[in-house]
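Enquirer: In terms of the working numbering, the sequence shown opens at residue 161 and continues consecutively.
If you scroll down you'll find the structure; I have some questions about it.
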Amino acid sequence: MKRGFLKSEKAFSKNEPPKNRTDVANQSKNSVNTVQIVPTPTVPALHGGDGKLTADYHDDQWLLSTQPRYPPGATLVKYPDGWSECFITGHAQRKIINTPGFPEPLPRPNPSCFRISDSPGKGLGMFAARDIKMGDLIIAERALLILPRAFTPPDRVPAHFTEEQTKRASAKAYEQYLEGVVQRLPLESQVAFKQLRCSRNQDDGSGPIYNTVMTNLFMIYDYFEPSYGKPGIPEGYGCYGRVFKTLSRINHSCRPNAQQDWDSPSFSLQIRASRDIMKDEEIFITYIPRIMDPAPARQEQLEPYRFRCDCQACSNPIVSDERCRRIEKVGLLRRTIQINRNDMRWVHEQLIDPSLECLTLIEEEGLQNEELYRGLLSRLADSYSLLGDTAEETKWTRMYDVVRQAQYNARNPLNEAARIREEAVQRSNKENLAKIGAIKGQSFTVTL
161 MKRGFLKSEK
171 AFSKNEPPKN
181 RTDVANQSKN
191 SVNTVQIVPT
201 PTVPALHGGD
211 GKLTADYHDD
221 QWLLSTQPRY
231 PPGATLVKYP
241 DGWSECFITG
251 HAQRKIINTP
261 GFPEPLPRPN
271 PSCFRISDSP
281 GKGLGMFAAR
291 DIKMGDLIIA
301 ERALLILPRA
311 FTPPDRVPAH
321 FTEEQTKRAS
331 AKAYEQYLEG
341 VVQRLPLESQ
351 VAFKQLRCSR
361 NQDDGSGPIY
371 NTVMTNLFMI
381 YDYFEPSYGK
391 PGIPEGYGCY
401 GRVFKTLSRI
411 NHSCRPNAQQ
421 DWDSPSFSLQ
431 IRASRDIMKD
441 EEIFITYIPR
451 IMDPAPARQE
461 QLEPYRFRCD
471 CQACSNPIVS
481 DERCRRIEKV
491 GLLRRTIQIN
501 RNDMRWVHEQ
511 LIDPSLECLT
521 LIEEEGLQNE
531 ELYRGLLSRL
541 ADSYSLLGDT
551 AEETKWTRMY
561 DVVRQAQYNA
571 RNPLNEAARI
581 REEAVQRSNK
591 ENLAKIGAIK
601 GQSFTVTL
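Next up, the structure:
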């Protein structure tokens, strides 16, 4: 994604900080779990509603919170792991500080494996500074800002306002909220935020800070807010977003070689290689959830980012889309199997051969970050176990472990739920394969 400077200096006030703001750098270290309550007409403020720090807040109250907290006078030189300025509810605040192990230090690859350089046609981008193996950590970074994906300021508007006027008034009010959050950042972080590209310039009343945020937003689902009855959150917008200094430089590809995942204990977004990456190769993630969709559908998903993808898949959609259709057809993980006890070739013909074919297609297409890839590796390990081929079983199990580390190494509730589901499926598959040996008869059908 192209990155650049904001067009307007109005995004940052050069005067005194706004009212109702408390300088957290001057607070006592003992106030590690205190926050500033954001006073609003519709959310009753507690004794901290005048902008002072407080540890007394409700789940539905909106807070300005610095996480994790550091001692007074902390600098990024002394604490390079950094911290995030958060505009969150009391519910999210408690989930953050009650995470087991929070805040763990950031893991750091040694030596560093990336550099930020010019990317032709894309502005800046992230490139491999050395060869990187599949599953390796590339970077872990704490966000500059953590904000609601969408927010309806509770400030009242005149009753005679039209829907369009109300929308613009809300956008203007949210911009003022965001200005206060950005001003809490250290000066060098404010400069870094200001240097991020703003490719969104909609005529909806939104300001430059909001547009920059939306251009560079990474979604986070750990601290999901049930929007029903929650002040300030529009229905269906219960997720928070994050803006980063370095990770916001990573460009998009529909065939990425890296993937992102949120790690709750270290309060950071981690980027890992989803395949081997050569030195000087650009590192890509995907900005969209459905990268196996046909090319026109992917371009539609990318419309909010205001660019057209020119990755290998989008440059040759006829070949790429057909390959994806073939992957979806061949790669069915649950299928009906015809078993013949007298001829074990069925294991190769109905399990191993289709899985190997699909793996080849996935690797040719550059889709190693898809869950199907990991599922096929697991199926191959199980299939060779059925044949008693320990060497092949070990080979595919090790490859599965590497891919799983790339896809689900970060610790968060979604990954934990996925791990539990996956382990249940694996147990079921192994039990079904074990039952095959107990079934009487020479020929029968099972679903695996």
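For glycine and all other residues, C-beta sits at the position ideal for the given N, C-alpha and C.
Bear in mind that the values here come from a model prediction, so they are computed numbers and not experimental data.
Just to confirm, are Q221 and T259 a CB contact at a threshold of 9 angstroms?
Expert: Taking the first residue of the sequence shown as position 1, residue 221 is located at position 61. Taking the first residue of the sequence shown as position 1, residue 259 is located at position 99. The answer is no: Cβ separation not under 9 angstroms.
Enquirer: Jot down the residue ranges of each uninterrupted alpha helix (DSSP H) in the region 297–370, minimum 4 residues, whole runs only, in chain order.
Expert: 323–342, 347–354
Enquirer: Just to confirm, is the Cβ distance from D436 to K293 under 9 angstroms?
Expert: Within the sequence shown, the letter at position 276 stands for residue 436. Within the sequence shown, the letter at position 133 stands for residue 293. Note that the C-beta distance between D436 and K293 is below 9 angstroms.
Enquirer: For Y230, I'd like the list of residues in its chain whose CB is within less than 6 angstroms of its CB, leaving aside the five on either flank, ordered along the chain.
Expert: Numbered from 1 along the sequence shown, position 70 holds the residue referred to as residue 230. Here the set comprises Y239.
Enquirer: Using a Cβ-Cβ cut-off of 8 angstroms (strictly less than) and excluding sequence neighbours within five positions of R564, which residues of its own chain qualify?
Expert: As a working note, residue 564 is residue 404 in the sequence shown. Within its own chain, the residues whose Cβ lies closer than 8 angstroms to the Cβ of R564, once the five positions on either side in sequence are excluded, are R534, listed in chain order.
Enquirer: Per DSSP, what kind of secondary structure is A578 in: helix, strand or coil?
Expert: What you label residue 578 is simply residue 418 of the sequence shown in a count that begins at 1. The answer is helix: DSSP assigns A578 an H, G or I state.
Enquirer: CB-CB under 8 angstroms to D449, same chain, minus the five flanking residues each way: which ones, in chain order?
Expert: The count along the sequence shown starts at 1 and reaches residue 449 at position 289. Note that residue 449 corresponds to Pro in the displayed sequence, not to Asp. Answer for P449: Q461, listed in chain order.
Enquirer: Whose C-beta lies closer than 7 angstroms to the C-beta of G365 among residues of the same chain, with five residues either side of it excluded?
Expert: The count along the sequence shown starts at 1 and reaches residue 365 at position 205. Annotation for G365: K327, R328, A331, K332 place their beta carbon closer than 7 angstroms to its own, counting only its chain and skipping 5 residues before and after.
Enquirer: Buried or exposed: where does H320 fall if 16 or more other Cβ atoms within 10 Å of its Cβ makes it buried?
Expert: The residue given as residue 320 occupies position 160 in the sequence shown. It is exposed - the Cβ of H320 has fewer than 16 other Cβ atoms within 10 Å.
Enquirer: By Cβ distance below 7 angstroms, which residues in the same chain neighbour I443 in space, the five residues on each side in sequence not counted?
Expert: Within the sequence shown, numbered from 1, the residue matching residue 443 stands at position 283. Cβ neighbours of I443 beyond the five flanking positions: F274, M286, F287, A288, I298, I410, N417, A418, I437.
Enquirer: Ignoring anything shorter than 3 residues, give me the beta strand (DSSP E) runs that lie fully in the region 542–578, in order along the chain.
Expert: none
Enquirer: Near P425, what residues of its chain come up, given a Cβ to Cβ distance below 8 angstroms and the 5 sequence neighbours on each side ignored?
Expert: Counting from one through the sequence shown, the residue named residue 425 turns up at place 265. For P425, where only same-chain residues beyond five positions count, the Cβ hits under 8 angstroms are T259, P260, G261, F262, P263, E264, R571.
Enquirer: What are the start and end residues of the alpha helix (DSSP H) that includes Q472?
Expert: As a first step, residue 472 is located in the sequence shown; it is residue number 312 there, counting from the start. Per DSSP, the unbroken alpha helix (DSSP H) holding Q472 starts and ends at 472–475.
Enquirer: Ignoring anything shorter than 3 residues, give me the beta strand (DSSP E) runs that lie fully in the region 403–485, in order along the chain.
Expert: Qualifying beta strand (DSSP E) stretches, in chain order: 418–423, 428–433, 442–445.
Enquirer: For E531, which option in R581, D241, E245 has the closest C-alpha, if you only look at C-alpha atoms?
Expert: The residue labelled residue 531 in the question sits at position 371 within the sequence shown. Closest by alpha carbon: R581.
Enquirer: Anyone know if the C-beta pair for S359 and K405 falls short of 9 angstroms?
Expert: Your numbering for residue 359 matches position 199 in the sequence shown. Your numbering for residue 405 matches position 245 in the sequence shown. No, Cβ-Cβ distance for S359 and K405 is not below 9 angstroms.
Enquirer: Considering only the beta carbon of each residue, do L527 and C484 sit closer than 9 angstroms?
Expert: Counting from 1 along the sequence shown, the entry for residue 527 is found at position 367. Counting from 1 along the sequence shown, the entry for residue 484 is found at position 324. A contact, by the Cβ cut-off of 9 angstroms.
Enquirer: Would you mind reading off the limits of the alpha helix (DSSP H) that contains L521?
Expert: Indexing the sequence shown from 1 puts residue 521 at position 361. Its alpha helix (DSSP H) spans residues 513–525.
Enquirer: Would you kindly work out how many angstroms separate the C-alpha atoms of A578 and K354, rounded to a whole number?
Expert: Locating residue 578 in the sequence shown gives position 418, where the first residue counts as 1. Locating residue 354 in the sequence shown gives position 194, where the first residue counts as 1. Computed Cα separation, rounded: 37 angstroms.
Enquirer: Looking at L224: is its Cβ nearer than 9 angstroms to the Cβ of R344?
Expert: Working through the sequence shown from its first residue, we reach residue 224 at position 64. Working through the sequence shown from its first residue, we reach residue 344 at position 184. Yes, they are a contact pair.
Enquirer: Using the C-alpha atoms, what's the distance from Y465 back to I373?
Expert: Start at 1 with the first residue of the sequence shown, and residue 373 comes out as number 213. Start at 1 with the first residue of the sequence shown, and residue 465 comes out as number 305. Note that residue 373 is Val in the sequence shown here, rather than Ile. Their Cα atoms are separated by approximately 12 angstroms.
Enquirer: Determine the DSSP secondary structure at Y381, reduced to helix, strand or coil.
Expert: To locate residue 381, count along the sequence shown from 1; it is residue 221. Note: Y381 maps to coil in three-state DSSP.
Enquirer: How is the beta strand (DSSP E) around Q510 delimited, first residue to last?
Expert: The count along the sequence shown starts at 1 and reaches residue 510 at position 350. Note, Q510: premise wrong, no beta strand (DSSP E); not H, not E.
Enquirer: Using the rule of at least 16 other Cβ atoms within 10 Å of the residue's Cβ for burial, across every protein chain shown, is T202 buried or exposed?
Expert: Taking the sequence shown and counting its residues from 1, one reaches residue 202 at position 42. Low confidence applies here, because T202 scores a pLDDT of 35, under 50, leaving its location unreliable; read the following figure in that light. It counts as exposed.
Enquirer: Assign Q336 to one of two classes, buried (16 or more other C-beta atoms within 10 Å of its C-beta) or exposed (fewer than that).
Expert: Here the question's residue 336 lines up with position 176 in the sequence shown. Exposed, by the Cβ-count rule.
Enquirer: Assuming D219 contacts A433 (C-beta within less than 8 angstroms), just tell me the rounded distance between them.
Expert: Translated into the one-based positions of the sequence shown, residue 219 becomes position 59. Translated into the one-based positions of the sequence shown, residue 433 becomes position 273. In fact, because the Cβ distance is near 38 angstroms, the residues do not count as touching under 8 angstroms.
Enquirer: According to the Cβ coordinates, are A308 and F247 closer than 9 angstroms?
Expert: For the purposes of this step, residue 308 is taken as the residue at position 148 of the sequence shown. For the purposes of this step, residue 247 is taken as the residue at position 87 of the sequence shown. Looking at the sequence itself, residue 308 is Pro, so the reference to Ala does not match. Between P308 and F247, the C-beta spacing is below 9 angstroms.
Enquirer: Sort E339, I380, G398 by Cα distance to N371 and report the nearest one.
Expert: Your numbering for residue 371 matches position 211 in the sequence shown. Checking every option, the nearest Cα to that of N371 belongs to E339.
Enquirer: Leaving aside the five residues before and after C471 along the sequence, list all residues of the same chain whose C-beta is less than 6 angstroms from its C-beta, in chain order.
Expert: Along the sequence shown, one-based indexing puts residue 471 at 311. Once the five neighbours on either side are set aside, the close Cβ partners of C471 are S413, C414, R415.
Enquirer: Between the C-alpha atoms of Q325 and S272, what's the straight-line distance to the nearest angstrom?
Expert: As a working mapping, residue 325 is identified with position 165 in the sequence shown. As a working mapping, residue 272 is identified with position 112 in the sequence shown. Distance between the alpha carbons of Q325 and S272 is about 50 angstroms.
Enquirer: Consult DSSP for E264 and reduce its assignment to one of helix, strand or coil.
Expert: Within the sequence shown, numbered from 1, the residue matching residue 264 stands at position 104. Coil at E264, not helix or strand.
Enquirer: Can you tell me where the alpha helix (DSSP H) with E257 in it begins and where it stops?
Expert: The count along the sequence shown starts at 1 and reaches residue 257 at position 97. One point to set straight first is that residue 257 is Ile, not Glu, in the sequence displayed. Residues 250–257.
Enquirer: Take the Cβ of I478 as the centre, count every other Cβ of all protein chains shown within 10 Å, and call the residue buried at 16 or more, exposed below.
Expert: Reading the sequence shown from its first residue, position 318 is the one you call residue 478. Exposed: under 16 other Cβ atoms inside 10 Å.
Enquirer: Between S277 and the rest of its own chain, which residues show a CB-CB distance below 6 angstroms, the 5 nearest in sequence each way excluded?
Expert: Taking the first residue of the sequence shown as 1, we reach residue 277 at position 117. Answer for S277: F287, listed in chain order.
Enquirer: Tell me which residue opens and which closes the beta strand (DSSP E) that S272 is part of.
Expert: Counted from its first residue, the sequence shown places residue 272 at position 112. That residue, S272, is in no beta strand (DSSP E); it is neither H nor E in DSSP.
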